[in-house]
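S.K.: According to the working numbering, the sequence shown is numbered sequentially starting from 45.
Okay, here's the structure, questions in a sec.
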Amino acid sequence: MEAADELAALEVFADACKRHGKLLAVNDRADIAYAAGADVLHLGQRDLPVPHARAITGPDVIVGRSTHTFSQVNAAVAETGSDYFCVGPTWETPTKPGRTAAGLELVSYAASRQQAKPWFAIGGIDLERLDEVIEAGARRVVVVRAITEADDPAAAAGEFVRRLRSA
Ligand SMILES: Cc1ncc(COP(=O)(O)OP(=O)(O)O)c(N)n1
Ligand SMILES: Cc1ncsc1CCOP(=O)(O)O
45 MEAADELAAL
55 EVFADACKRH
65 GKLLAVNDRA
75 DIAYAAGADV
85 LHLGQRDLPV
95 PHARAITGPD
105 VIVGRSTHTF
115 SQVNAAVAET
125 GSDYFCVGPT
135 WETPTKPGRT
145 AAGLELVSYA
155 ASRQQAKPWF
165 AIGGIDLERL
175 DEVIEAGARR
185 VVVVRAITEA
195 DDPAAAAGEF
205 VRRLRSA
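Following this line, the structure appears as structure tokens:
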């Protein structure tokens, strides 16, 4: 997507976030995050290093990192300048085709690090699989289809929140 198109789409999301009191997140692109006034910038392993991204966004943006292996989890834990990380894909998912599943082992490993940085399990997670993810040690998840394809997305989101908070 070209910058102008992404910024136009982000204007719509920014308006919705403002109305609902939610954070606006931008994926991959620090320049777009800055231009859109985003609250969150999410970086993949092959995106900008955090210091370069922060030089563009400034210090106040929440910066996150994707991790897919044990060594990437270790690096994300140690990385100064990132605020959270994601671990996955826990299961293969049509939302991210062609990615090998990292498995629940990576979720358990992230949990075993018992460190302070917030982290999320991601990939193939739905309400049926949520207990397995919680048992592996996750207390935060990122989901796409489990909410966007739910008959009642608000109820599905509420159920994730309820079960994660009571875990
Ligand atoms: C909060 C959050 N977590 C993970 C992602 C995944 O980003 P994506 O660019 O699709 O995948 P990677 O290449 O980073 O593995 C996200 N967008 N937001
Ligand atoms: C962005 C991303 N990164 C790893 S899996 C994934 C998509 C998760 O989507 P779903 O919750 O539909 O499996």
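For glycine and all other residues, C-beta sits at the position ideal for the given N, C-alpha and C.
What does the Cβ neighbour count give for ARG212, buried or exposed, with the cut at 16 atoms within 10 Å?
M.R.: This structure cannot settle anything about residue 212, because the visible part of the chain is limited to 45 through 211.
S.K.: Which residue marks the beginning of the alpha helix (DSSP H) containing VAL188, and which one marks its end?
M.R.: Where VAL188 is concerned, there is no enclosing alpha helix (DSSP H), given that its DSSP letter is neither H nor E.
S.K.: Buried or exposed: where does LEU54 fall if 16 or more other Cβ atoms within 10 Å of its Cβ makes it buried?
M.R.: Buried is the call here.
S.K.: Only counting the same chain, and skipping five residues up and downstream in sequence, which positions put a Cβ closer than 7 Å to that of ALA74?
M.R.: The residues are LEU85, LEU92, ALA97, ILE100, THR101.
S.K.: Given a cut-off of 7 Å, decide if VAL131 and ARG157 are closer than it, judged by their beta-carbon atoms.
M.R.: In this structure, VAL131 does not lie closer than 7 Å to ARG157 by Cβ.
S.K.: Pop quiz: VAL94 and VAL107 are said to be a contact at Cβ under 8 Å. What is the actual Cβ separation, rounded to whole angstroms?
M.R.: Correct: roughly 6 Å between the Cβ atoms.
S.K.: Please determine if the stretch 146-157 and the stretch 184-201 are in contact, where contact requires at least 3 C-beta pairs separated by less than 8 Å.
M.R.: Flag = no, the stretch 146-157 and the stretch 184-201 do not touch.
S.K.: With H, G and I counted as helix, E and B as strand and the rest as coil, what does DSSP make of ALA47?
M.R.: If DSSP states are grouped into helix, strand and coil, ALA47 belongs with the helices.
S.K.: Among LYS161, ALA145, ASP72, LEU208, which residue has its Cα nearest to the Cα of LEU171?
M.R.: Comparing Cα positions, the closest option is LEU208.
S.K.: Cβ of GLY88 within 6 Å of any heavy atom in ligand 1?
M.R.: True, at least one ligand heavy atom lies under 6 Å from that Cβ.
S.K.: So if DSSP puts PHE129 in a beta bridge, which residue, or which two residues, is it bridged to?
M.R.: Answer by DSSP bridge pairing, in chain order: ARG109, TRP163.
S.K.: Taking ASP72 as the reference, give the member of MET45, ALA58, PHE57 with the closest Cα.
M.R.: Checking every option, the nearest Cα to that of ASP72 belongs to MET45.
S.K.: Is THR137 close to ligand 2? I mean its beta-carbon at under 6 Å from any heavy atom of the ligand.
M.R.: For ligand 2, at least one heavy atom lies less than 6 Å from the Cβ of THR137.
S.K.: For THR134, count the other beta carbons within 10 Å of its own beta carbon; 16 or more makes it buried, fewer makes it exposed. Which is it?
M.R.: Buried, because 16 or more other Cβ atoms sit within 10 Å of the Cβ of THR134.
S.K.: Could you spell out the range, first to last residue, of the alpha helix (DSSP H) harbouring ALA77?
M.R.: ALA77 -> alpha helix (DSSP H) spans 74-80.
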